[in-house]
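So the numbering used here is basically just the index in the sequence shown, starting at one, shifted up by 90.
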Amino acid sequence: MGGRKNWVFTITKSALRVLLAPFFRLEIDGTDNLPQETSFVLLPKHQRWEDIPLLSLATPRPLYYVARYDLFENPVSNWFFRSLGGIPLNRQRPLESRRSLQAILECLKRGEGVVVFPEGTYYKNEMGPARVGIVKLILARFSVPFIPVGICYSRKRARTLVRINFGRAFFPDPAPTASKFLDKVMKEIAALSGLS
Numbered sequence: 091m092g093g094r095k096n097w098v099f100t101i102t103k104s105a106l107r108v109l110l111a112p113f114f115r116l117e118i119d120g121t122d123n124l125p126q127e128t129s130f131v132l133l134p135k136h137q138r139w140e141d142i143p144l145l146s147l148a149t150p151r152p153l154y155y156v157a158r159y160d161l162f163e164n165p166v167s168n169w170f171f172r173s174l175g176g177i178p179l180n181r182q183r184p185l186e187s188r189r190s191l192q193a194i195l196e197c198l199k200r201g202e203g204v205v206v207f208p209e210g211t212y213y214k215n216e217m218g219p220a221r222v223g224i225v226k227l228i229l230a231r232f233s234v235p236f237i238p239v240g241i242c243y244s245r246k247r248a249r250t251l252v253r254i255n256f257g258r259a260f261f262p263d264p265a266p267t268a269s270k271f272l273d274k275v276m277k278e279i280a281a282l283s284g285l286s
């Protein structure tokens, strides 16, 4: 679990930069809000499948991504996505979910950044409901910064303009409920995505 291979990540990131450049133009704001060495949780808006590769281009540090388990069902894609830092999550199978959640916690213990899409799936140009499960688990075990991320797509001539805005970190209160904490973060994600 969580076995990122830095050489695979570096080559893939370089290839993505070239492959996506004809279709997308990135505008990035707020990277100074990202910790350089300590662990954190990134909570981005989920507009479309391109969010993940574009987010990887926007962040200076390599990150771990919680993703749908079906992306890992093929042996080749399983190796590839795990090598990039993918952590599969299957909410229908508790045992597999437990292993995935343990992998997330181990990444945070090592000082890594972990990406969790709080909506769990795509909601284009609107905010979907937050899924509190993973956030609740992390809140119960770690005091790490949670960083909201806005993602906004707008068509500009041949290339789509993509604005990625990293907000200021949210630090959990001493005894928060996951749903109340996430409500505050979701409002900030909406504002950063131009959806408030």
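C-beta: ideal position from N, C-alpha, C; glycine also.
What separation, rounded to the nearest whole angstrom, lies between the Cα atoms of residue i and residue j?
{"i": "leucine 229", "j": "glycine 223", "result": "10 Å"}
{"i": "leucine 272", "j": "aspartate 160", "result": "26 Å"}
{"i": "asparagine 261", "j": "phenylalanine 236", "result": "Reading off the sequence shown, one finds phenylalanine at residue 261, where the question assumed asparagine. If you take the alpha carbons of phenylalanine 261 and phenylalanine 236, they lie about 6 Å apart."}
{"i": "phenylalanine 114", "j": "serine 244", "result": "10 Å"}
{"i": "asparagine 180", "j": "glutamate 117", "result": "33 Å"}
{"i": "alanine 281", "j": "leucine 132", "result": "16 Å"}
{"i": "glycine 92", "j": "serine 269", "result": "Confidence in glycine 92 is poor, its pLDDT being 46 and thus under 50, which makes the residue's placement unreliable; the coordinate value appears in the next sentence. When rounded, the distance between both Cα atoms is 27 Å."}
{"i": "arginine 221", "j": "arginine 258", "result": "21 Å"}
{"i": "valine 156", "j": "glutamate 196", "result": "13 Å"}
{"i": "lysine 246", "j": "leucine 124", "result": "28 Å"}
{"i": "isoleucine 254", "j": "glycine 240", "result": "6 Å"}
{"i": "aspartate 263", "j": "phenylalanine 130", "result": "16 Å"}
{"i": "valine 98", "j": "arginine 158", "result": "20 Å"}
{"i": "glutamate 127", "j": "threonine 250", "result": "32 Å"}
{"i": "leucine 109", "j": "valine 275", "result": "32 Å"}
{"i": "threonine 100", "j": "threonine 267", "result": "38 Å"}
{"i": "leucine 227", "j": "alanine 111", "result": "37 Å"}
Check the DSSP bridge columns for residue i and list the partner residues they point to.
{"i": "arginine 115", "result": "Leu251"}
{"i": "proline 238", "result": "Leu133"}
{"i": "glycine 223", "result": "Its beta-bridge partners do not exist; DSSP assigns none."}
{"i": "leucine 179", "result": "Arg158"}
{"i": "glycine 203", "result": "Phe130"}
{"i": "lysine 246", "result": "Arg249"}
Round the Cβ separation of residue i and residue j to the nearest angstrom and send it over; I've been treating them as touching at under 8 Å.
{"i": "serine 286", "j": "cysteine 242", "result": "Not quite, the Cβ-Cβ distance comes to about 12 Å (not below 8 Å), so this is no contact."}
{"i": "valine 225", "j": "tyrosine 154", "result": "Actually they are not in contact, since the Cβ atoms of valine 225 and tyrosine 154 sit about 15 Å apart, beyond 8 Å."}
{"i": "aspartate 119", "j": "phenylalanine 256", "result": "7 Å"}
{"i": "glutamate 202", "j": "proline 238", "result": "Contact doesn't hold; Cβ gap of about 19 Å is too wide."}
{"i": "phenylalanine 207", "j": "proline 134", "result": "6 Å"}
Quick check: the region 169 to 180 against the region 104 to 111, are there 3 or more CB pairs under 8 Å? no
Using 8 Å as the threshold, is the region 163 to 171 in touch with the region 204 to 222, meaning 3 or more CB pairs across them? Too few Cβ pairs lie closer than 8 Å, so no.
Pair every Cβ in the region 191 to 201 with every Cβ in the region 137 to 147, then say whether three or more of these pairs are closer than 8 Å. Verdict: no, contact absent.
Identify every run of the beta strand (DSSP E) within the region 254 to 281, keeping only runs that are complete inside it and at least 3 residues long; order them along the chain. Listed in chain order, there is nothing to give.
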